[in-house]
Amino acid sequence: MRSKRSLTTFAVQAAAAFLLVAGVGGVARAEEADAPAAAAQAKSDAKPSMEIYGFAMLDIGQNFKQIDPNWFDTLRITKLPSFNDQYGKDNSTFAGVRQTRFGVRTSSPTDLGDLKVKFEIDMFGTGVDAGQTTIRLRHAWGEIGAWGAGQTDSPFEDPDVWPNSLEYWGPTGMVFFRNVQLRWTPMTGDRTLMFALERPGASGDAGVYSDRIEIQNVKGRNVLPDFSGAYKVSQKWGHVRVGGMLRKITWDDLLADRFELGDSVLGWGLNFTSVLNVSPNDVLRLQYAYGRGIENYMQDSPVDVGIQNNLSNPVTPILGKPLPITGIVVFLDHNWNKQMSSSVGYSSQDIDNTNAQAPSAFHAGKYALGNLLYSPVPNVMLGGEFQWGRRENFSDGFHSDGVKVQFSFKYSFGYKIGG
58 MRSKRSLTTF AVQAAAAFLL VAGVGGVARA EEADAPAAAA QAKSDAKPSM
108 EIYGFAMLDI GQNFKQIDPN WFDTLRITKL PSFNDQYGKD NSTFAGVRQT
158 RFGVRTSSPT DLGDLKVKFE IDMFGTGVDA GQTTIRLRHA WGEIGAWGAG
208 QTDSPFEDPD VWPNSLEYWG PTGMVFFRNV QLRWTPMTGD RTLMFALERP
258 GASGDAGVYS DRIEIQNVKG RNVLPDFSGA YKVSQKWGHV RVGGMLRKIT
308 WDDLLADRFE LGDSVLGWGL NFTSVLNVSP NDVLRLQYAY GRGIENYMQD
358 SPVDVGIQNN LSNPVTPILG KPLPITGIVV FLDHNWNKQM SSSVGYSSQD
408 IDNTNAQAPS AFHAGKYALG NLLYSPVPNV MLGGEFQWGR RENFSDGFHS
458 DGVKVQFSFK YSFGYKIGG
C-alpha cells in the first residue's frame with residue numbers, strides 16, 4: 058500500500074499549486090485585456106442567429122461475449138461480468154438508435170457581449186432509464202461575456218480528447234462528465250482560463266460490510282460545491298491543457314449506537330491533455346489523469362470512496378478512503394482521403410482499492426478499438442468498428458473480456474437562420 062499521509066500531502070500541494078498559478082496568472086492577463094475585450098463585445102456587429110442540428114443514427118452489431126443488458130449497445134467496461142456467466146451466455150446481436158441527437162444553438166448580441174444558448178438531447182437512457190430509448194439531456198447551457206450557467210462539459214475534462222469512434226460510451230480511462238455548473242472564463246483565445254462551481258455528487262462502496270445495519274444507516278451529504286478549473290494553450294500544432302478538481306465528500310452516521318462512522322475526505326485530481334496535429338491527415342489525442350475520489354468525473358468508474366479496516370479503533374472500526382485512480386487515453390485519428398477516415402487507440406483506468414472492498418470489486422479496465430468510416434456525400438456516414446475491453450476484479454483473480462463488432466449509419470441535418 059502507498060503511504061496515505063504523503064499522498065494526501067501531495068494532493069493538497071499539487072491542487073493548491075495548480076489553482077494558485079492558474080488563478081494569479083489568469084487574473085493578471087484578464088485585467089490587461091479586460092477593457093479592450095469589453096469594448097469589442099459592446100461594439101459587436103453580429104446579428105441574432107439560430108441553428109437547428111442533429112442526426113439520426115443506427116448502431117447494429119455482434120457482441121461475441123456478454124455485458125449487462127442495459128448497456129447492450131456500448132462497451133462500458135464496468136458493466137462487463139464480475140463472475141462467470143453473470144449475464145447469461147456469450148454471443149448476441151444488438152441494434153439501436155439511442156445515439157440519435159437533436160440540438161438548438163442561438164446567439165444574440167447584447168451590450169454585455171453575445172448571449173449564447175445551447176440545448177441538446179439524445180435518446181440514450183441512463184440511471185432509472187438505463188437500457189431504454191428515451192430522451193436524455195446533454196446540454197442546457199447559456200453564457201454571456203465571461204459567465205456561463207447550466208449543464209455542459211466540466212472544465213476538469215477536455216472534450217477534444219474524444220476520438221472519432223462509433224462506440225457510444227467512450228474510452229474507459231477518460232475524464233468526461235457533463236455537469237450542472239456556474240462558470241467564469243476570464244481568458245479566451247489562444248490562452249483560455251476557466252473556473253467553475255459544480256454540482257457535487259459522490260458514491261461509496263460498503264464492501265464486505267454492505268449487509269451490516271450500521272453501514273446501511275450511513276448517508277452521504279453534499280456540503281460544498283465541487284471546484285474545478287482549466288488552463289489551455291492553443292497553437293497551430295494543436296493544444297495542451299491542464300484541468301484541476303477539488304471536492305469535499307461527506308457522509309453521516311445516522312444510527313445511535315456505539316460506533317461513529319461519519320466522516321469527510323478531500324477529493325482532488327489533475328488532468329493533463331493534449332491534441333496534436335502531427336500531420337495534415339493525422340491528429341493525436343492524449344490524456345493522463347490522476348487523483349483521489351474523482352471517479353464521479355471519470356467516463357466509466359464505479360465509486361469515489363472505498364471502505365478500509367481500522368479494527369484497532371473500537372469506536373471507528375472502519376474508514377472511508379477516497380480511491381486513487383489513474384486514467385490514460387491515447388488515440389490517433391487518420392484521414393485516408395476526403396471521404397474515408399479511421400480512428401485507432403487505447404485507454405485504461407487503474408484504481409487502488411481499499412482492503413475492505415469485496416474481492417469482486419472493480420479494479421482496472423482496458424479499452425481499445427479501430428474503425429473505418431466512409432462519407433459518400435456530405436451529412437452521411439457509415440462505418441464499421443472492432444472493439445475490445447477487459448474488466449479486472451480487485452482480489453479474486455477474475456477478469457472478463459468484451460469483444461464486439463459494430464456497424465453504424467449516421468444521417469446528419471442542420472439549418473441556420475440569421476447570423
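Using my numbering, you'd call the opening residue of the sequence shown number 58 and step up by one each time.
For every residue, glycine included, the Cβ atom is placed at its ideal position computed from N, Cα and C.
Given the structure is predicted, the values throughout are model-derived calculations rather than measurements.
Checklist entry - Between which two residues does the alpha helix (DSSP H) containing Ile-124 stretch? => result Here Ile-124 belongs to no alpha helix (DSSP H), and DSSP marks it neither H nor E.
Item to check | Alpha-carbon to alpha-carbon, Asp-407 and Val-462 | outcome: 25 Å
Item to check | Length of the line joining the Cα atoms of Leu-376 and Glu-352 | outcome: 18 Å
Next on the checklist: Assuming contact is defined by CB atoms lying nearer than 8 Å, are Leu-239 and Ile-201 in contact in what I supplied?
Outcome noted: no
Checklist entry - Where in the region 347 to 433 do unbroken runs of the beta strand (DSSP E), each at least 3 residues long, occur, reported from the N-terminal end onward? => result 362 to 366, 375 to 379, 381 to 392, 397 to 408 and 419 to 431
Next on the checklist: Taking contact to mean 3 or more Cβ pairs, one atom from each stretch, closer than 8 Å, check whether the region 220 to 236 and the region 266 to 279 are in contact.
Outcome noted: no
Next on the checklist: Mapping the DSSP letters down to three states, classify Gly-184 as helix, strand or coil.
Outcome noted: helix
Checklist entry - Among Asp-186, Gly-422 and Ser-417, which has the Cα closest to the Cα of Asp-357? => result Gly-422
Next on the checklist: Please identify the residue among Asn-392, Tyr-288 and Asp-310 whose C-alpha is closest to the C-alpha of Asn-328.
Outcome noted: Tyr-288
Checklist entry - alpha helix (DSSP H) containing Ile-272: first to last residue? => result 270 to 273
Next on the checklist: If distances are taken between C-alpha atoms only, which option among Gly-182, Phe-176 and Tyr-225 comes closest to Gln-208?
Outcome noted: Phe-176
Checklist entry - Does the region 276 to 296 come within contact of the region 376 to 396, defined as at least 3 CB pairs closer than 8 Å? => result no
Next on the checklist: With three or more beta-carbon pairs closer than 8 Å as the criterion, would you say the region 313 to 333 touches the region 363 to 370?
Outcome noted: no
Item to check | Separation of Thr-191 from Met-114, as counted between CA atoms | outcome: 14 Å
Checklist entry - With Met-254 and Gly-459 assumed to form a contact (beta carbons below 8 Å), what rounded beta-carbon distance in angstroms separates them? => result For clarity, residue 254 is Leu in the given sequence; the question names Met instead. Actually they are not in contact, since the Cβ atoms of Leu-254 and Gly-459 sit about 37 Å apart, beyond 8 Å.
Checklist entry - So the beta strand (DSSP E) Lys-152 belongs to, where does it begin and stop? => result Going by the sequence as given, residue 152 is Ala instead of Lys. 149 to 153 is the extent of the beta strand (DSSP E) around Ala-152.
Checklist entry - When the Cα atoms are used, what is the spatial distance from Asp-217 to Ser-149? => result 33 Å
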